[in-house]
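Going by full-length UniProt numbering, the letters in the sequence shown line up with residues 1 to 395, in that order. Each residue gets a CB set at the ideal place from its N, CA and C atoms; glycine is no exception. Since the model is a prediction, treat every value here as computed from it, not as a measurement.
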Amino acid sequence: MDNNQIFEEVDEFKVAHSFECFPSDCAAIIRNSRAYLKVITQNIRSIYKNLDSLTVLQSTLNFECDILILTESRLSEDKLLPQLPSYNVHSTTKHINQNDGVVVYCKSNISYSIDEPAFLDANCLVIKIPPHTAIIAIYRPPCFRTISRFLDSLETVLGSLSSKTNIVIMGDINIDIKNGNNDTMSTDYLNLTAEHGLLPANNFPTRYGNCLDHVLLKTKSQALSFVLQNALTDHFPVLLCLSYKAPCANSRKAVFKSIDYKNITVLLKESNISNILLMNDTNEAADSLINILMNSIQLSTTLRPIPSSQRVSKPWITQGLLRCIRHRDNMHLKVKKQPNDQILVKSYRRYRHFCNGLLKKLKISYERSELEKASRSTKQTWKIFCITKHGCEGG
Numbered sequence: 001m002d003n004n005q006i007f008e009e010v011d012e013f014k015v016a017h018s019f020e021c022f023p024s025d026c027a028a029i030i031r032n033s034r035a036y037l038k039v040i041t042q043n044i045r046s047i048y049k050n051l052d053s054l055t056v057l058q059s060t061l062n063f064e065c066d067i068l069i070l071t072e073s074r075l076s077e078d079k080l081l082p083q084l085p086s087y088n089v090h091s092t093t094k095h096i097n098q099n100d101g102v103v104v105y106c107k108s109n110i111s112y113s114i115d116e117p118a119f120l121d122a123n124c125l126v127i128k129i130p131p132h133t134a135i136i137a138i139y140r141p142p143c144f145r146t147i148s149r150f151l152d153s154l155e156t157v158l159g160s161l162s163s164k165t166n167i168v169i170m171g172d173i174n175i176d177i178k179n180g181n182n183d184t185m186s187t188d189y190l191n192l193t194a195e196h197g198l199l200p201a202n203n204f205p206t207r208y209g210n211c212l213d214h215v216l217l218k219t220k221s222q223a224l225s226f227v228l229q230n231a232l233t234d235h236f237p238v239l240l241c242l243s244y245k246a247p248c249a250n251s252r253k254a255v256f257k258s259i260d261y262k263n264i265t266v267l268l269k270e271s272n273i274s275n276i277l278l279m280n281d282t283n284e285a286a287d288s289l290i291n292i293l294m295n296s297i298q299l300s301t302t303l304r305p306i307p308s309s310q311r312v313s314k315p316w317i318t319q320g321l322l323r324c325i326r327h328r329d330n331m332h333l334k335v336k337k338q339p340n341d342q343i344l345v346k347s348y349r350r351y352r353h354f355c356n357g358l359l360k361k362l363k364i365s366y367e368r369s370e371l372e373k374a375s376r377s378t379k380q381t382w383k384i385f386c387i388t389k390h391g392c393e394g395g
């Protein structure tokens, strides 16, 4: 085999199966989501404004991610970090400007450790999941025109993780690594990561035709990577699913009761109720009739799984809202393909504004209803307040 063949094979090597799709299409590709460690990164453009929209995004995925990496979080010292039920939240403390900051949400049932390494010209958190996995969450602001100090810091962090079998770099790096882009920054960055065994899991565009939000991966496990067509911000979210053999906690499957009323009618017609008519004790007769009715209902009732497309993770996320979000994302994709169609652009902006307003209205209405139900119980009122009031503002 000559050198050219070797280079061609290296270029064709893929560390993950990669896809571009809508969030609602992921479940059909992944199939058994519990077999994977699921990590998503999103340039959130203010965690205080857009966390509810991220919650809706998770509902359209039809599963919950294990780790959420949010970049350009615009953290404020005057505000508490928003909480998400069943997640622990962590954030960077060393900031460069008012727009930066990395926030990481980790599922509370995952065993992990997290630290903030010294890092120049970027925000960084490192999540270590025993025994062999490390995830480097990064936000690199675009204000830096050179990357030498950034690469020095990245090399130090990668060197400290050399014993790990699975290493992931995820976040908004603001270096374009799409196919065909051979500028110096991209080349130097990819050369460094390749020296440590990491390759891009995908190089699809994530913002205006450029691949700025990265998943770089070193692993021998099966991996799936998705760039999700979602208009939460001007950056597409990127999802990584890494084959994960850790034991999964038992969870109850979402089901609903299906009652066959025609079968109830048939069973009642076949029931012998003549003996009930002969009873002298009305209470005994009533109990017997109720038993026949309840038995017919029980025999005609089955439990069926709720289709993944109809499941929602929050009571205020209605099927109507999910349809609106899907339609918004479809319109956003059309705008990307026809950016000069001003009528389409204006229609999309109006519809996006409508979706945002509907989301806020539904959430506020639900929270108000829950507080009214609990108005006579101070303990229950405080519990609902703690769940719903996580510090997010409208935006």
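- Message: Taking 7 Å as the limit between beta carbons, can you name the residues of its chain near residue 276, skipping five residues before and five after?
- Response: Indexing the sequence shown from 1 puts residue 276 at position 276. For residue 276, same chain residues with a beta-carbon under 7 Å away, outside a window of 5 residues either side, are 285, 288 and 289 in chain order.
- Given residue 17 as reference, the closest of 332, 297 and 199 once Cα atoms are compared: Locating residue 17 in the sequence shown gives position 17, where the first residue counts as 1. Nearest option by C-alpha distance: 199.
- Simplified DSSP assignment, three categories, for residue 350: Residue 350 sits at position 350 when you count from the first residue of the sequence shown. Look at residue 350 here: in three-state DSSP terms it is helix.
- Message: Closest to residue 39 by C-alpha separation, out of 113, 374 and 169, would be which residue?
- Response: Position 39 of the sequence shown holds residue 39. The shortest C-alpha separation from residue 39 is found at 169.
- Message: On a Cα-Cα basis, can you pick out the residue from 105, 115, 201 and 141 that is closest to residue 122?
- Response: Here residue 122 corresponds to residue number 122 of the sequence shown, with the count starting at 1. 141 is the residue among 105, 115, 201 and 141 whose C-alpha sits nearest the C-alpha of residue 122.
- Message: Check whether the region 233-245 and the region 199-216 touch, using three or more Cβ-Cβ pairs below 8 Å as the test.
- Response: In short, these stretches touch, since the Cβ pair count reaches three.
- Item | Contact under 7 Å by Cβ, residue 151 with residue 137 | One-based indexing of the sequence shown puts residue 151 at position 151. One-based indexing of the sequence shown puts residue 137 at position 137. Result no, Cβ atoms of residue 151 and residue 137 do not sit closer than 7 Å.
- Provide the residue span of the alpha helix (DSSP H) that contains residue 42, from first to last. Looking up residue 42 in the sequence shown gives position 42. Secondary structure note for residue 42: it is in no alpha helix (DSSP H), and the uninterrupted beta strand (DSSP E) holding it is 36-43.
- Return helix, strand or coil for residue 234, following the three-state DSSP convention. Counting from 1 along the sequence shown, the entry for residue 234 is found at position 234. If DSSP states are grouped into helix, strand and coil, residue 234 belongs with coil.
- Message: At the level of alpha carbons, what is the spacing between residue 342 and residue 96?
- Response: Walking along the sequence shown from the start, residue 342 turns up at place 342. Walking along the sequence shown from the start, residue 96 turns up at place 96. Between residue 342 and residue 96, the C-alpha separation is close to 37 Å.
- Within 10 angstroms of the Cβ of residue 165, are there 16 or more other Cβ atoms? Answer buried if so, exposed if not. Numbered from its first residue, the sequence shown carries residue 165 at position 165. Its Cβ having fewer than 16 others within 10 Å, residue 165 is exposed.
- State yes or no: is the C-beta of residue 23 within less than 7 Å of the C-beta of residue 57? Indexing the sequence shown from 1 puts residue 23 at position 23. Indexing the sequence shown from 1 puts residue 57 at position 57. Yes, they are a contact pair.
- Work out the CA separation of residue 272 and residue 299 for me, nearest whole Å. Indexing the sequence shown from 1 puts residue 299 at position 299. Indexing the sequence shown from 1 puts residue 272 at position 272. Answer to the nearest angstrom: the Cα atoms are 16 Å apart.
- Grouping DSSP H, G and I as helix and E and B as strand, with all else coil, what is residue 317? Indexing the sequence shown from 1 puts residue 317 at position 317. The answer is coil: DSSP assigns residue 317 none of H, G, I, E or B.
- Query: Per DSSP, what kind of secondary structure is residue 20 in: helix, strand or coil?
  - Reply: As a working note, residue 20 is residue 20 in the sequence shown. Here residue 20 sits in strand by DSSP.
- Message: Contact defined as beta carbons within less than 8 Å: I believe residue 402 pairs with residue 193. What is the distance between those atoms, to the nearest angstrom?
- Response: An answer regarding residue 402 cannot be provided, because it is not within the stretch 1 to 395 covered by the chain.
- Express the C-alpha separation of residue 37 and residue 180 in angstroms, rounding to a whole number. Here the question's residue 180 lines up with position 180 in the sequence shown. Here the question's residue 37 lines up with position 37 in the sequence shown. Separation of residue 180 and residue 37 (C-alpha to C-alpha, rounded to the nearest whole angstrom) is 31 Å.
- Figure out for me which residue from 33, 321 and 159 has the closest Cα to the Cα of residue 354. On the sequence shown, position 354 is the one that residue 354 refers to. The residue with the shortest Cα to Cα distance from residue 354 is 321.
- Item | Member of 303, 278 and 268 whose CA lies at the smallest distance from the CA of residue 291 | Locating residue 291 in the sequence shown gives position 291, counting from the first residue. Selected option, being the one with the closest Cα: 268.
- Message: List, from N- to C-terminal side, the alpha helix (DSSP H) runs of 4 residues or more that fit wholly inside the region 254-297.
- Response: Counting whole runs of 4 or more residues, the region 254-297 contains the alpha helix (DSSP H) stretches 261-270 and 274-277.
- Could you tell me the distance, in whole angstroms, from the CA atom of residue 400 to the CA atom of residue 48? Outside the displayed range of the chain (1 to 395) lies residue 400, so it cannot be described from this structure.
- Message: Between which residues of its own chain and residue 231 is the CB-CB distance below 7 Å, once the five residues before and five after are set aside?
- Response: Counting from 1 along the sequence shown, the entry for residue 231 is found at position 231. Result list for residue 231: 328, 329, 332 and 352, in chain order.
- Item | Nearest-angstrom Cα separation, counted from residue 222 out to residue 64 | As a position in the sequence shown, residue 64 is number 64, starting the count at 1. As a position in the sequence shown, residue 222 is number 222, starting the count at 1. Those two C-alpha atoms are separated by around 19 Å.
- Task: Count the other C-beta atoms from every protein chain shown that fall within 10 angstroms of the C-beta of residue 211, then say buried if there are 16 or more, exposed otherwise.
- Result: Walking along the sequence shown from the start, residue 211 turns up at place 211. Buried: at least 16 other Cβ atoms inside 10 Å.
- Message: Once DSSP output is grouped into helix, strand and coil, what is the label at residue 102?
- Response: Walking along the sequence shown from the start, residue 102 turns up at place 102. Reduced to three states, the DSSP call for residue 102 is coil.
- Message: On the DSSP letters alone, give me the boundaries of the beta strand (DSSP E) that residue 171 sits inside.
- Response: Numbered from 1 along the sequence shown, position 171 holds the residue referred to as residue 171. For residue 171, the enclosing beta strand (DSSP E) covers residues 166-172.
- Message: Between residue 304 and the ligand SAH, is there a pair consisting of the residue's CB and a ligand heavy atom that are separated by less than 6 Å?
- Response: This structure lacks the ligand SAH; in fact it carries no ligand of any kind.
- Query: Is residue 144 helix, strand or coil by DSSP?
  - Reply: As a first step, residue 144 must be located in the sequence shown, where it is residue number 144. DSSP places residue 144 in coil when its eight states are reduced to three.
- Query: Got a sec, what are the start and stop residues for the alpha helix (DSSP H) residue 52 sits in?
  - Reply: Start at 1 with the first residue of the sequence shown, and residue 52 comes out as number 52. DSSP places residue 52 in the uninterrupted alpha helix (DSSP H) bounded by 47-61.
- For residue 294, the nearest candidate out of 318, 265 and 157 (CA to CA): Here residue 294 is taken as the residue at index 294 of the sequence shown, counted from 1. The shortest C-alpha separation from residue 294 is found at 265.
- Of all the options 131, 120 and 303, which has the alpha carbon lying nearest to the alpha carbon of residue 112? Locating residue 112 in the sequence shown gives position 112, counting from the first residue. Comparing Cα positions, the closest option is 131.
- Task: Would you mind sorting residue 118 into buried or exposed? The rule is 16 or more other CB atoms within 10 Å of its CB.
- Result: Counting from 1 along the sequence shown, the entry for residue 118 is found at position 118. The C-beta of residue 118 has fewer than 16 other C-beta atoms within 10 Å across all chains shown, which makes the residue exposed.
- Would you report the Cα separation of residue 190 and residue 337, rounded to the nearest angstrom? To locate residue 190, count along the sequence shown from 1; it is residue 190. To locate residue 337, count along the sequence shown from 1; it is residue 337. Near 29 Å, if we compare the C-alpha coordinates of residue 337 and residue 190.
- Query: So what's residue 210 in DSSP terms, helix, strand or just coil?
  - Reply: Here residue 210 refers to the residue found at position 210 when the sequence shown is read from its first residue. Here residue 210 sits in strand by DSSP.
- Going by alpha carbons, who is nearest to residue 101 out of 107, 350, 88 and 81? Here residue 101 refers to the residue found at position 101 of the sequence shown. It is 81.
- Message: Suppose you measure from the CA of residue 110 to the CA of residue 67; what does that come to, to the nearest Å?
- Response: Here residue 110 corresponds to residue number 110 of the sequence shown, with the count starting at 1. Here residue 67 corresponds to residue number 67 of the sequence shown, with the count starting at 1. So the two alpha carbons sit approximately 9 Å from each other.
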